[in-house]
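With my numbering as the guide, the letters of the sequence shown map in order to residues 7 to 627. We put the CB at the ideal spot given by N, CA and C, even for glycine. Input: a single structure, listed below in structure tokens.
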Amino acid sequence: MKKLLLSACLFASLAGRAQSFTTITVQDSISTDTHWTCDKQYLLKGYVYVTSGATLTIDSGTIIRGDKDTKGAIIVERGAKMRAMGTQNRPIVFTSNQDAGNRAYGDWGGVILCGKAPTNWNAGQAQVEGGPRSFYGGTDPNDNSGEMHYVRIEFGGIAFSPNNEVNSLTLAGVGAGTQIDHIQVSYGGDDGFEWFGGTVNAKYLVSLATWDDDFDSDAGFQGKVQFGAIIRDPYAADNSGSKGFESDSYLSGTYSGIPVDNAKLTRPVFSNITAIGPLVSNTSTAWDPYFTAGAHIRRGSAISILNSVIAGWPCGLLIDESSSAFGSTTANINTQELQFRNNIIAGTSTVSTPNPKHIIYVKDGARSLTSTSAYADTATGTPFAPFAGPLAFLTSSSFGNRTYNTSSDVRLSAPFNLASPGLWPTSTSPISFRTWTSANGTITRTFNPAMPISYDTTGDSVNFNVPTVAPEFTSSKANDPFFTRTNYIGGFAGTGTTADNWMRQWCNFDPNNTDYNVTCYVAPVENAVADINKASFGNTKVFPNPANGVATLLVEVKETTTVKVFVTDLTGKVVMQVYNGIVNSGNQSFDINTSELSNGVYTVTIASSAKTKTVKLSVIK
């Protein structure tokens, strides 16, 4: 049975606030073309089906709520379409019907798109998990289920029982004619995104603090995804084992993979993903023990992960060889159907042996939920031939992967800050920095992240421009025209411009406390960092320090701006909200009531739409 706990603080309810909008209750079926506008709100009660032949169009800024009592959900059936037309400053928001401060994992059912694209089910189709009547699958790889742009899905996803779940966003047999980009799922009760077969492609996906897996691919999914962010709450994990990526080719009822038929593999390609796990430190034990791995590849999957960052997980890459009932996972490595290239794995646990755990190999699912067991990665040669074993495969020079013992070695801006995550590389990150020096030591070239990559070392290497960890878009999996050819790995560039943070404004990292009692929702700019070059704060200190009672944060604010002040513990969890509002330029002070905190060391953060600054605070009573 799934465990569903709320690990967030609850704040005052806004139930008594007057509402100036009309709420339209939606039940049963939408069988004709329908248009939802932002001057109203829409309440989903029970399973709401958009039936074949109908198109549901949703304007930007529209808020749709899922009813908690009936576990409201919306299912776009085969032959139907949803056109969710959000924008950067006016995203569409699917959220819980609970008041601000009282929202939780699994408040409602989520969003399900069903299409007619191929799957690897023996019957050619299957019924959607979790109870809806709808089927998915077919023979049209270019099937069109509509489009979704700038959409947030919050507190959706219900795990009724193992393998019987509704996710935040389910893409079931969805075809390549469907357009998916700029989607954020937050605090989902099961997986963030799950693909069941299909061929749909997507860009700019964010999975925030979901319960189970973030990117889950099954049943022959063969689409492509570029630019993604995974951000985990260290205390929220599922007892089935939570991972950033989970991927299976074969399940009961699907084609078995015996004899080998690569046409029916699950073989999506993910590129430029930044997957931040629960471990702030590689020696930390302050995380839910049900977290398993950054990527778990099993049951004959041929998923490829390229040009990405996997940091802060108990295990980086977990290769799980299939039982004899299914096709082989490791065989896909040997045929290069499964590629893991030009990635960083960093900050894996060093608490127990093997140490560190950049890659683990298990067989038949054994220890797949406790992949940090001693000797779980001792396989040599076969089935990894021609490599000496799993570590030799991972670190082969021809594949361009790098491992770092700590996540801080990757030098991202603020990767473990749930309230204001900074996933872009700093100026000294191996993603955006490298110094090349000539053999005689007289000429030095530094990587310029604003320019294309160049390996040209002629003419004193004036054109040489390569970061420490470079991307690659020439392999059989990466040279598809769908992929934007970046000069960086991970989801974000490191040039220090506003455009580097594509999560800016439309994403929300505090959905539990957001007031949605509005019409034509406009996302505030302060929801994310606006300009990472801009220096908003000067001298900052906390006194007295250590503190017993009230401590004061004193900070020099460079310009009038909106700021958030909050306190996090050593795991990065927000334990106190101090201030959220506009402050004038000049010296400002904020009181922190430490009587509400236990003894220990904390981090006090002040964050604006341009910059964050932190200072340590010790509490001694």
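Just the Cα atoms here: how many angstroms apart are Thr93 and Thr388?
Translated into the one-based positions of the sequence shown, residue 93 becomes position 87. Translated into the one-based positions of the sequence shown, residue 388 becomes position 382. Going by C-alpha positions, Thr93 is about 50 angstroms away from Thr388.
Close beta carbons around Asn469, own chain, < 7 angstroms, minus the five adjacent residues each side
For this step, residue 469 is matched to residue 463 along the sequence shown. Closer than 7 angstroms at Cβ, skipping near neighbours: Ser460 and Asp462.
Please report the distance separating the alpha-carbon of Gly144 from that of Gly395.
Locating residue 144 in the sequence shown gives position 138, where the first residue counts as 1. Locating residue 395 in the sequence shown gives position 389, where the first residue counts as 1. When rounded, the separation of the alpha-carbon atoms in Gly144 and Gly395 is 39 angstroms.
Is it buried or exposed, Asn554, if we count other Cβ atoms within 10 angstroms and call 16 or more buried?
The count along the sequence shown starts at 1 and reaches residue 554 at position 548. So Asn554 ends up on the exposed side.
Buried or exposed: where does Ile449 fall if 16 or more other Cβ atoms within 10 Å of its Cβ makes it buried?
Position 443 of the sequence shown, counting from 1, holds the residue named residue 449. Around the beta-carbon of Ile449, fewer than 16 other beta-carbon atoms lie within 10 Å, marking it exposed.
State the Cα-Cα distance for the pair Phe390 and Asn348, rounded to the nearest angstrom.
For the purposes of this step, residue 390 is identified with residue 384 of the sequence shown, where counting begins at 1. For the purposes of this step, residue 348 is identified with residue 342 of the sequence shown, where counting begins at 1. The straight-line gap separating the alpha-carbon atoms of Phe390 and Asn348 is approximately 19 angstroms.
Please classify Met91: is it buried, with 16 or more other beta-carbons within 10 angstroms of its beta-carbon, or exposed?
In the sequence shown, counting from the first residue as 1, residue 91 sits at position 85. So Met91 ends up on the buried side.
Does the count of Cβ pairs from the region 121–138 and the region 57–70 closer than 8 angstroms reach three?
In this structure the region 121–138 does not touch the region 57–70; the number of beta carbon pairs closer than 8 angstroms is below three.
Option nearest Lys230 by Cα separation, candidates Gly181, Ile36, Gly115 and Thr40:
Taking the first residue of the sequence shown as position 1, residue 230 is located at position 224. Of Gly181, Ile36, Gly115 and Thr40, the residue nearest in Cα terms is Gly181.
For Val286, the three-state DSSP class (helix, strand or coil):
Residue numbering aside, residue 286 sits at position 280 when the sequence shown is read from its first letter. Correct three-state label for Val286: coil.
Through-space distance from Arg510 to Thr504, alpha-carbon basis:
Along the sequence shown, one-based indexing puts residue 504 at 498. Along the sequence shown, one-based indexing puts residue 510 at 504. Straight-line Cα distance between these residues: approximately 8 angstroms.
Can you give me the C-alpha to C-alpha distance between Val286 and Val625, rounded to a whole angstrom?
On the sequence shown, residue 286 is found 280 positions in, with the first residue counted as 1. On the sequence shown, residue 625 is found 619 positions in, with the first residue counted as 1. Between Val286 and Val625, the C-alpha separation is close to 20 angstroms.
In its own chain, which residues sit with a C-beta less than 6 angstroms from the C-beta of Thr546, not counting the 5 before and 5 after it?
Here residue 546 corresponds to residue number 540 of the sequence shown, with the count starting at 1. Same-chain partners within the cutoff: Val561, Lys619 and Val621.
The ligand FAD heavy atom lying under 7 angstroms from the CB of Asp149:
Absent from the structure shown: the ligand FAD. Ligands present: none.
Output the distance between the C-alpha atoms of Asp196 and Ser601, rounded to the nearest integer angstrom.
As a working mapping, residue 196 is identified with position 190 in the sequence shown. As a working mapping, residue 601 is identified with position 595 in the sequence shown. Those two C-alpha atoms are separated by around 36 angstroms.
Below 8 angstroms on the Cβ atoms is my guess for Lys249 versus Gly300; work out the distance and round it to an integer in Å.
Taking the first residue of the sequence shown as 1, we reach residue 249 at position 243. Taking the first residue of the sequence shown as 1, we reach residue 300 at position 294. The pair is a contact, with the Cβ atoms about 7 angstroms apart (cut-off 8 angstroms).
So the candidates are Lys579, Asn519, Ser591 and Asn605; which of them puts its Cα closest to the Cα of Thr611?
Against the sequence shown, residue 611 aligns to sequence position 605. The option with the nearest alpha carbon to Thr611 is Lys579.
Take Thr501 and list the residues in its own chain whose beta-carbon comes closer than 6 angstroms to its own, dropping the five residues that flank it on each side.
Counting from 1 along the sequence shown, the entry for residue 501 is found at position 495. Counting only Cβ-Cβ distances below 6 angstroms, and skipping sequence neighbours, we find Pro455 and Ala456.
For Thr272, does the count of other Cβ atoms within 10 angstroms reach 16, so buried, or fall short, so exposed?
Within the sequence shown, numbered from 1, the residue matching residue 272 stands at position 266. Around the beta carbon of Thr272, a 10 Å sphere encloses 16 or more other beta carbons of the protein chains shown; the residue is thus reported as buried.
Between which two residues does the beta strand (DSSP E) holding Phe393 run?
The count along the sequence shown starts at 1 and reaches residue 393 at position 387. Per DSSP, Phe393 is not a residue of any beta strand (DSSP E), being assigned neither H nor E.
Kindly list the residues whose CB is nearer than 7 angstroms to the CB of Arg238, restricted to its own chain and excluding five residues on each side of it in sequence; keep chain order.
In the sequence shown, counting from the first residue as 1, residue 238 sits at position 232. Result list for Arg238: Ala215, Ile282, Gly283 and Pro284, in chain order.
Rounded C-alpha distance that separates Gln47 from Thr31
In the sequence shown, counting from the first residue as 1, residue 47 sits at position 41. In the sequence shown, counting from the first residue as 1, residue 31 sits at position 25. Approximately 9 angstroms between the Cα atoms of the pair.
By how many angstroms is the C-alpha of Ser223 removed from the C-alpha of Leu49?
Within the sequence shown, the letter at position 43 stands for residue 49. Within the sequence shown, the letter at position 217 stands for residue 223. Approximately 30 angstroms between the Cα atoms of the pair.
Considering only DSSP beta bridges, list what Pro431 is partnered with.
Within the sequence shown, the letter at position 425 stands for residue 431. Its beta-bridge partners are Leu418.
Based on the DSSP output, what are the partners of Lys230 in its beta bridges?
By 1-based counting over the sequence shown, the position of residue 230 is 224. In DSSP, Lys230 forms a bridge with Val275.
Measure the C-alpha to C-alpha separation of Leu429 and Thr61 and round it to an integer number of angstroms.
Indexing the sequence shown from 1 puts residue 429 at position 423. Indexing the sequence shown from 1 puts residue 61 at position 55. Taking C-alpha positions only, Leu429 is separated from Thr61 by approximately 36 angstroms.
Does the distance from the C-beta atom of Pro240 to that of Trp319 stay below 8 angstroms?
As a first step, residue 240 must be located in the sequence shown, where it is residue number 234. As a first step, residue 319 must be located in the sequence shown, where it is residue number 313. Cβ distance not < 8 angstroms, so Pro240 and Trp319 don't count as in contact.
Going by other Cβ atoms of all chains shown within 10 Å of its Cβ, with 16 needed for buried, is Ala86 buried or exposed?
Looking up residue 86 in the sequence shown gives position 80. By the 10 Å Cβ count, Ala86 comes out buried.
Using only CA atoms, which one of Pro458, Ser444, Ala484 and Phe453 lies nearest to Gly465?
Residue 465 sits at position 459 when you count from the first residue of the sequence shown. Among Pro458, Ser444, Ala484 and Phe453, the Cα nearest to that of Gly465 belongs to Ser444.
Quick check on Leu49: does DSSP put it in helix, strand or coil?
Here the question's residue 49 lines up with position 43 in the sequence shown. Of the three classes helix, strand and coil, the one that applies to Leu49 here is strand, per DSSP.
Nearest residue (CA-CA) to Gln630, options Arg96, Pro147, Tyr156 and Arg84
The structure shown does not extend to residue 630, since the chain is modelled only from 7 to 627, so the question has no answer here.
Boundaries of the alpha helix (DSSP H) in which Asn103 is found, first to last residue:
Numbered from 1 along the sequence shown, position 97 holds the residue referred to as residue 103. Neither: Asn103 is in no alpha helix (DSSP H) and is coded neither H nor E.
Please name the residue, chosen from Asp45, Ser328, Val416 and Ser404, that lies closest to Thr354 on a Cα-to-Cα basis.
Locating residue 354 in the sequence shown gives position 348, where the first residue counts as 1. Answer by Cα proximity: Val416.
Whole runs of the beta strand (DSSP E) within the region 578–619, excluding any shorter than 3 residues
The qualifying runs are 580–589, 592–599 and 606–614.
Helix, strand or coil, according to DSSP, for Val573 in the structure here?
As a first step, residue 573 is located in the sequence shown; it is residue number 567 there, counting from the start. In the structure shown, Val573 falls within a strand segment according to DSSP collapsed to helix, strand and coil.
The region 182–191 touching the region 150–167, judged by at least three CB pairs closer than 8 angstroms:
The region 182–191 is in contact with the region 150–167.
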